[in-house]
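J.: Numbering (my numbering), first residue to last: 188 to 517. For every residue, glycine included, the Cβ atom is placed at its ideal position computed from N, Cα and C. Okay, here's the structure, questions in a sec.
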């Protein structure tokens, strides 16, 4: 029987994975799920309302507190850790990087040390155990048009405090895997969309501005390009990888839709205006604002490795479908 602990489980993607487990993996997850433990600090980005009607155990805690996390692993006999807990907003990292260092680096180290301590001392050792570390495509740094897509062996070149701390966390996990044969895998995902995302992120920010009829801020000229994958689809892929004997590996995961930020804003705004029969061209106008420093233009990752494992089992949720669902809600 598998007992899951999801760090950051009250956050955006973490809560989607909790929901995924609660639904028994939509048929993909064959491991019997005996318990789901949500471990979350409840920062500004967390929301327990995301977990309504979910049969799970909630423990409030900070991943930087290794002693407390160790106690939780022991108390609930955890076999699988999904490490989603992180500071993720680039703008915030540019203004104050210390919380990112603490949570993303020191927090990951605490999780690793606690898991290694508890699991290595158990009768079965590392057998049947797994830590999934959730990273980002931003660790590769900005891509140039003439460069090949980054595969999992590409040298990391993070360009802001957020991506730098995530890259450092990746290296800690890799060193544990290589040095101690620790059972872990790393997920490097492109941008996520989905329900219940914090409004500091682009897509919910656009919806918020449309609802309030306020200008929609777009950095620079809006030409930065991002690849989008739904949080639901990402969680399905992670579920498949958990069962695919993938410990010790890194996987790039990307969506099927790449848009400039301006194209994305236009897509959402146009759909909203049509839905509400608004003909006023000045309604929630796009407002170009000074670009943030170090704003990466494009990330380009090669996901052929993970496709070889999951392509026959996953149906990608379309961004357009999500936009239409959100319009109905709003």
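Measuring alpha carbon to alpha carbon, tell me which of 402, 461, 244 and 235 ends up nearest residue 191.
T.: Answer by Cα proximity: 244.
J.: What are the partner residues of residue 468, as DSSP defines its beta bridges?
T.: DSSP, once it has assigned bridges, lists no residue as partnering residue 468.
J.: If you reduce the DSSP assignment to three classes, tell me which class residue 389 lands in.
T.: Correct three-state label for residue 389: helix.
J.: Counting C-beta neighbours from all protein chains within 10 Å, is the total for residue 342 16 or more, i.e. buried, or is it exposed?
T.: When all chains shown are included, residue 342 counts as exposed.
J.: Comparing alpha-carbon positions, which option in 465, 421, 407 and 426 lies nearest residue 449?
T.: Comparing Cα positions, the closest option is 407.
J.: For residue 300, which residues in the same chain have their Cβ closer than 7 Å to its Cβ, ignoring the five residues on either side in sequence?
T.: These residues qualify, in order along the chain: 253.
J.: Let me confirm a value: residue 515 is counted as buried when at least 16 other C-beta atoms fall within 10 Å, else exposed. Which label applies?
T.: Exposed is the call here.
J.: Under the assumption that residue 193 contacts residue 226 (Cβ atoms under 8 Å), give the Cβ distance between them as a whole number of angstroms.
T.: Going by Cβ atoms, the distance from residue 193 to residue 226 rounds to 7 Å, so yes, they are a contact pair.
J.: Within 10 angstroms of the Cβ of residue 459, are there 16 or more other Cβ atoms? Answer buried if so, exposed if not.
T.: Label assigned to residue 459: buried.
J.: Among the residues of its own chain, which have a CB less than 6 Å from the CB of residue 431, if the five just before and after it don't count?
T.: Correct list, in chain order: 496.
J.: Which residue's Cα is closest to the Cα of residue 507: 374, 452, 425 and 266?
T.: It is 452.
J.: What do you get for residue 348, buried or exposed, if any count of 16 or more other CB atoms within 10 angstroms of its CB means buried?
T.: Its Cβ being crowded by 16 or more others within 10 Å, residue 348 is buried.
J.: As an exercise, report each continuous alpha helix (DSSP H) stretch of at least 4 residues that is fully enclosed by the region 246 to 280, in chain order.
T.: Taking only runs of at least 4 residues, the alpha helix (DSSP H) segments lying wholly in the region 246 to 280 are 253 to 262.
J.: Let's see if you can read the secondary structure: which residues bound the alpha helix (DSSP H) around residue 515?
T.: Element bounds for residue 515: 506 to 516.
J.: In whole angstroms, what separates the C-alpha of residue 350 from that of residue 320?
T.: Approximately 14 Å between the Cα atoms of the pair.
J.: Tell me the rounded alpha-carbon separation between residue 492 and residue 420.
T.: Between residue 492 and residue 420, the C-alpha separation is close to 17 Å.
J.: Residue 446 bridges to which residues according to DSSP?
T.: Paired residue(s): 413.
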